[in-house]
Every structure is written in structure tokens, then in C-alpha cells.
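**Student:** Provided herewith is a single structure, encoded as C-alpha cells, for subsequent inquiry.
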Amino acid sequence: MSKEILLKDLNEDLAAELGTIIRYNYQAGKSFGLLGTELREMFEDEIKDELGHARFLTDVIVDLGGEPVTNPKSFDKSVDIKEMLEVDLRMEEEDVKNYLQHSKDAEELGFVELKMKLEEMSADEAGHARELRRLLKGL
Ligand SMILES: [Fe+2]
Ligand SMILES: [Fe+2]
3 MSKEILLKDL NEDLAAELGT IIRYNYQAGK SFGLLGTELR EMFEDEIKDE LGHARFLTDV
63 IVDLGGEPVT NPKSFDKSVD IKEMLEVDLR MEEEDVKNYL QHSKDAEELG FVELKMKLEE
123 MSADEAGHAR ELRRLLKGL
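Everything in the sequence shown is counted per the working numbering, starting at 3 for the first residue and increasing by one.
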């Protein structure tokens, strides 16, 4: 593991966070009816978390001498609620895995704060995934 590889990975994480913010914003706008009300609330809460993650990653990338990306990762634009939530669940689970791996990589390089923070972000994403599973069970 090198700092350069970690920087590349953190930039991929950042692009994923930017994509999630845009995806949740889009999906909130496309959620209608009674279930839609619950979804909009969840998306709004999670957008705040993802924005916090994106802000942290941006600061860390700059601090490590990298150049933060500004282009979001693209996503499947589904308007079917079940499909939408399944995409979200898949992406959150991917984030859990990526943050755990990058946390280990940061530890290997001796970046203690980064290691702990990435682990915490992995736990945040696991919480988002749990919330999505709960909603999907009702569909
Ligand atoms: Fe996130
Ligand atoms: Fe998330």
C-alpha cells in the first residue's frame, strides 16, 4: 500500500459520495404518496451524512497532497421505488466494504485519524443499509 494508491481510492470514495448525494436528491424528488413521505425524510437525513463524508474526504485528500475529484459516480436512474431502493442498498453495501478496506490501508500507512474515521463512515453506511433493508421488507 502506498499513499498514491490510497489517494486514488479515497477519490473513488469521494466520487461515490457525490454520486449518492445527487442520487438521493433525485430520488427524493421522485418519491410520491405516503411511502414517498417516509422516503423523502430518509433521503434528506442521509444526504446530510453523505455530505459530511464528502467534506471529510475532500479535506483529507487535500491534506495528503492530492487533488479532490468533482465529478460524481454515475448511477441507474430508476423511478420504480423497489428498484430504486435496491440500487441504494447495493451502493451502501459497497461503501461499507470500501471504507473498511481503506481504513485498513490507512492504518498500514500510519494514518490513525483517517483509519478511525473511515471505520466510523463504514458504520454510518451500514446504518443506511439497515434502514433501506427495513423499507424494502415492507414492499
Ligand atoms: Fe457516505
Ligand atoms: Fe450512505
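The C-beta atom is built at its ideal place from N, Cα and C for all residues, glycine as well.
1. Is it the case that the CB of Thr60 approaches a heavy atom of ligand 2 more closely than 8 Å?
2. On the CB-based measure, 16 or more other CB atoms within 10 Å of its CB, does Ile63 come out buried or exposed?
3. Between which two residues does the alpha helix (DSSP H) holding Met3 run?
4. Let me know if Phe34 comes out buried or exposed under the rule of 16 or more other beta-carbons within 10 Å of its beta-carbon.
5. Measure the CB-CB distance between His104 and Leu8 and report whether it falls below 9 Å.
6. CA-CA distance, Ala17 and Glu133?
7. Tell me, please, whether the stretch 35–54 touches the stretch 63–77 by the rule of three or more beta-carbon pairs shorter than 8 Å.
**Tutor:** So, from the listed chains and residues:
1. no
2. buried
3. Looking at the DSSP string, Met3 is not in any alpha helix (DSSP H), and its letter there is neither H nor E.
4. exposed
5. yes
6. 23 Å
7. no
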